[in-house]
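K.L.:
Dropping the structure in here first, questions after.
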Amino acid sequence: MTKRTHIQSFSYIVLLAVAVALFSGCSAVMAAKQPSRKNLGILRPGTERDVVLAEFGSPVAMEKTEDGKKEIFSFIQGYSKVSKASRSFFHAAADVCTLGVWEVVGTPIEGSFDGKKVTVRVIFDANDRIKDAKVISITNK
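If you want our numbering, it's the position in the sequence shown, counting the first as 1, plus 754.
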């Protein structure tokens with residue numbers, strides 16, 4: 755091989771490495787940015803309304819009752835930190851091992867993992883503590 759052939763080969767390798775660095779990682783990033791898991795365990799009698807608001811955000815509907823209020827919360831139930839980190843690591847490793855070809859498969863897969871829409875009805879007493887709570891629907895986004 756001549757010096758020119760070595761330079762061309764090296765140039766192709768560098769170009770390929772740059773392309774992999776620029777175009778890979780989309781599925782890994784998508785996995786890391788999936789919505790976080792909400793703690794449905796707080797939906798038990800006696801939990802303060804502030805705790806519910808901190809976990810689920812503002813209610814989408816509210817109705818005053820004789821001895822408190824009824825609120826409807828709607829949110830996207832996501833994934834645990836461990837699940838998101840594991841999937842992100844797998845996609846990154848698959849990208850490296852396949853020189854970025856994995857993105858053709860990985861990106862649509864991560865696109866389908868976008869959580870479930872959960873709607874919850876919560877009834878609070880006069881002291882703003884949960885009296886009753888019920889998950890009323892779980893659907894795909």
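We treat Cβ as the ideally placed atom computed from N, Cα and C, and that holds for glycine.
Spatial neighbours of residue 834 within its chain, please: CB distance less than 6 Å, with the 5 preceding and 5 following residues excluded, ordered by chain position.
P.N.:
Hits under 6 Å: 791.
K.L.:
DSSP has residue 887 in a bridge; who is on the other side?
P.N.:
Note: residue 887 sits in a beta bridge opposite 876.
K.L.:
By Cβ distance below 7 Å, which residues in the same chain neighbour residue 829 in space, the five residues on each side in sequence not counted?
P.N.:
Result list for residue 829: 792, 810, 811 and 872, in chain order.
K.L.:
So, at 6 Å on beta carbons, what are the nonlocal neighbours of residue 844 in its own chain, with the 5 sequence-adjacent residues on each side left out?
P.N.:
Closer than 6 Å at Cβ, skipping near neighbours: no residue.
K.L.:
Assuming residue 782 and residue 849 make a contact with CB atoms under 8 Å, what is their CB distance in whole Å?
P.N.:
Indeed they touch by this definition, with Cβ atoms about 7 Å apart.
K.L.:
With a Cβ-Cβ cutoff of 8 Å, do residue 892 and residue 870 count as a contact?
P.N.:
Yes, Cβ-Cβ distance for residue 892 and residue 870 is below 8 Å.
K.L.:
According to DSSP, simplified to helix, strand and coil, what is residue 824?
P.N.:
Note: residue 824 maps to strand in three-state DSSP.
K.L.:
Hey, could you find the ends of the beta strand (DSSP E) residue 818 is sitting in?
P.N.:
Segment 815-819, the beta strand (DSSP E) holding residue 818.
K.L.:
With DSSP as the reference, label residue 831 as helix, strand or coil.
P.N.:
Residue 831: strand per DSSP, three-state reduction.
K.L.:
Are residue 857 and residue 784 touching if we call contact CB-CB under 8 Å?
P.N.:
Contact flag unset, no.
K.L.:
Count the other C-beta atoms from every protein chain shown that fall within 10 angstroms of the C-beta of residue 787, then say buried if there are 16 or more, exposed otherwise.
P.N.:
Exposed.
K.L.:
Am I right that residue 826 and residue 875 are in contact with their C-beta atoms under 8 Å? What's the rounded C-beta distance?
P.N.:
Yes, residue 826 and residue 875 are in contact; Cβ-Cβ is about 6 Å, under 8 Å.
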